[in-house]
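S.K.: After the structure tokens below, expect a handful of questions from me.
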Amino acid sequence: MPELPEVETVRQGLARWARGRRIEAVEVRHPRAIRRHLPGSEHFAAVLIGRTMVDVCRRGKYLWIPLDSGDAVVAHLGISGQLLFQPADAPDETHLRVRMSFVDGDPELRFVDQRTFGGLAVSEGGAELPAEIAHIARDPLDPLFSDADFAAALRRKHTEVKRALLDQTLISGVGNIYADEALWRAKLHGARPTDALTRPAVARLLGHVRDVLTEALRAGGTSFDALYVNVNGESGYFDRSLNAYGREGEPCHRCGTPMRREAFMNRSSYSCPHCQPRPRHRRPAG
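In terms of the numbering used here, the sequence shown opens at residue 3 and continues consecutively.
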């Protein structure tokens, strides 16, 4: 599933092409793509036609497009969702779900989603921040993110550090791939208890989270297949820089020990047995 760097890459591309454009027509080709818009396809199109896209914003893994009406289009890419700008005469994608055309002509905006886990919806009055995503925490690249508040909240939790990094109400935008990468850099096993972390340990971990996300953003995100692309249909290449995720049995880039894979929340975690020993008992990590 796309994480912060992938969604931010899409946001930046959308912003270049969407700002200031007035919607002329909306075609919903698959109702599942707007299943979170409960009034249905006709209402979805009606409230968008004639409206101007003011900006493109992001909170965690969600995008929203404020409109001049005060409403907003909320988008979640799910596992395979793509927001693409295409010429109107370009062939329709096999999994095209929603099409928006504009008064000023090309390019049109297409929502393509092979697995249909993503979707679009209109948030009434949601231009500033849609109510549907207001519960999601700020991400660590947000200028208003509070390191002190995050450290205090993390250390109050009675959970494992990787679970905490994936908790979007605590810190947003960090998913399985980048959590593993940050934990590898911090030399912490994902099962380390959060309430045993010292403040300096939390600060170091947060610094590594920021570094990983920033580097991945510069690389356009991580693409393991053709499902994640930017608005121009281009893949990211941060997968070439991964130190932990997906490297089971390969030598640790730091010490040479074969990397391990462990089951984690119906997914997998990757770590170095030498650099990131599994905690045996609860003690401060400094």
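Note that the Cβ used here is the ideal one computed from N, Cα and C, for glycine as well.
Computed from a predicted structure; not experimentally measured.
Among residues of its own chain, excluding the 5 on either side of Ala-133, which ones have a beta-carbon nearer than 7 Å to its beta-carbon?
M.R.: Ser-125
S.K.: Beta carbon of Ser-270, beta carbon of Met-261: below 9 Å?
M.R.: no
S.K.: Skipping 5 residues on each side, what residues in its chain have a beta carbon closer than 6 Å to that of Gln-116?
M.R.: Apart from the 5 residues on each side of it in sequence, Gln-116 sits with its Cβ closer than 6 Å to the Cβ of Ser-82 and His-97 in its chain, given in chain order.
S.K.: Tell me the residue span of the beta strand (DSSP E) that contains Pro-4.
M.R.: Taken as a continuous stretch (DSSP letters only), Pro-4 belongs to no beta strand (DSSP E), as it is neither H nor E.
S.K.: For Arg-37, name the three-state secondary structure that DSSP assigns.
M.R.: coil
S.K.: Starting from the C-beta of Glu-10, find all residues in its chain whose C-beta is less than 7 Å away, skip the five residues before and the five after it, and write them out in chain order.
M.R.: Take Glu-10, set aside five residues on each side of it, and the residues of its chain with a beta-carbon closer than 7 Å to its own are Arg-60 and Leu-219, in chain order.
S.K.: Beta-carbon within less than 7 Å of His-160's beta-carbon, same chain only, minus the 5 sequence neighbours each way: which residues are those?
M.R.: Asp-197
S.K.: Using the Cα positions of Ala-35 and Arg-99, report the straight-line distance between them to the nearest angstrom.
M.R.: 6 Å
S.K.: If we require 3 or more residues per run, which beta strand (DSSP E) segments fall completely within the region 65–97?
M.R.: 74–78 and 83–88
S.K.: Which residue comes first and which comes last in the beta strand (DSSP E) that contains Ser-271?
M.R.: 269–273
S.K.: Specify the secondary structure class of Gly-177 as computed by DSSP and reduced to three states.
M.R.: coil
S.K.: Between the region 165–180 and the region 146–156, do at least 3 Cβ pairs fall closer than 8 Å?
M.R.: yes
S.K.: Name the two residues that bound the continuous beta strand (DSSP E) containing Glu-110.
M.R.: 110–115
S.K.: Which of the three DSSP states, helix, strand or coil, is assigned to Gly-209?
M.R.: helix
S.K.: Between which residues of its own chain and Glu-5 is the CB-CB distance below 7 Å, once the five residues before and five after are set aside?
M.R.: Lys-63, Gly-175, Val-176, Gly-177, Ile-179 and Tyr-180
S.K.: Among the residues of its own chain, which have a CB less than 8 Å from the CB of Gly-80, if the five just before and after it don't count?
M.R.: Contacts found: Met-3, Asp-115, Arg-117, Thr-118, Phe-119, Gly-120 and Gly-121.
S.K.: Under 9 Å, Cβ to Cβ, is there at least one residue of chain D near Ala-48?
M.R.: Absent here is chain D; the protein component of the structure consists of one chain.
S.K.: To which residues of the same chain is Phe-147 closer than 7 Å at the C-beta, ignoring the five residues directly before and after it?
M.R.: Cβ neighbours of Phe-147 beyond the five flanking positions: Arg-140 and Asp-141.
S.K.: Mapping the DSSP letters down to three states, classify Thr-54 as helix, strand or coil.
M.R.: strand
S.K.: Quick check: the Cα distance between Gly-251 and Asn-245, rounded to an integer number of angstroms?
M.R.: Distance between the alpha carbons of Gly-251 and Asn-245: 12 Å.
S.K.: Taking Gly-258 as the reference, which of Phe-266, Gly-248, Pro-275 and Asn-268 has the closest Cα?
M.R.: Pro-275
S.K.: What residue range does the beta strand (DSSP E) around Val-105 cover?
M.R.: Segment: none, Val-105 is in no beta strand (DSSP E) and carries neither H nor E.
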